[in-house]
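Novice: Here it is: the structure, laid out below.
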Amino acid sequence: MFFGVVAIGYIPAFNDADGNLFGLFSLQWYDDLLHAFSGVWALAAAFISHRQAVFYFKLFGSVYLFDGVLGLVTGSGCLDAGIFINGFRSLNDIEFPARFFANLPHIVIGGFAVYVGFRLARRVHDHFATA
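Taking the working numbering, I'd label the letters of the sequence shown as residues 1 to 131.
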């Protein structure tokens, strides 16, 4: 999935005239590196062990969910250092619908990963421990 995010940013049909992906946000080279690293980390964790995969979902999910919520509230995320570069952006700068849809992927993916890491992994562990 994360490799797809990197690739889709280079397909002109998905970018507007200003180079914004889906007309919502601009992805820079460091965003591509972050997404590629997330994918490599997920693959490595999956191949190493169940414990590493659960750790990935817990840590990655928490960070991504935080980044999405921070971006929704402030207009700037932390993973791309936007909060440090741009600071808090007003709703006049980025209207709420654009802000919502720009951060929705991180909120959904982060929320799902948190659910898998903290809730689903425990249920799977408990199921196999009693079997």
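Every residue, glycine too, gets a C-beta built ideally from N, C-alpha and C. The structure presented is a predicted model; accordingly, all values stated were derived computationally and were not measured.
(1) Can you list, in chain order, the residues of its chain with a C-beta nearer than 6 Å to that of Gly111? Leave out the 5 residues immediately preceding and following it.
(2) Looking only at DSSP bridge pairs, what is Leu34 linked to?
(3) Between which residues of its own chain and Phe100 is the CB-CB distance below 8 Å, once the five residues before and five after are set aside?
(4) Suppose the cutoff is 6 Å on Cβ atoms and the five residues either side in sequence are ignored; what does the same chain contact list for Gly61 look like?
(5) What residue range is occupied by the uninterrupted alpha helix (DSSP H) comprising Leu72?
(6) Rounded to whole angstroms, what is the Cα-Cα separation between Pro12 and Leu70?
Specialist: In short:
(1) Translated into the one-based positions of the sequence shown, residue 111 becomes position 111. Contacts found: Leu65.
(2) Locating residue 34 in the sequence shown gives position 34, counting from the first residue. Bridge partners of Leu34: none, in fact.
(3) Position 100 of the sequence shown holds residue 100. Cβ within range, chain order: Leu72.
(4) Taking the sequence shown and counting its residues from 1, one reaches residue 61 at position 61. Within the same chain, Gly61 has close Cβ partners Gly110, Ala113, Val114 and Gly117.
(5) The sequence position of residue 72 within the sequence shown is 72, counting from 1. His50 to Thr74 is the span of the alpha helix (DSSP H), which, as asked, contains Leu72.
(6) Here residue 12 is taken as the residue at index 12 of the sequence shown, counted from 1. Here residue 70 is taken as the residue at index 70 of the sequence shown, counted from 1. In a straight line, the C-alpha of Pro12 is about 29 Å away from that of Leu70.
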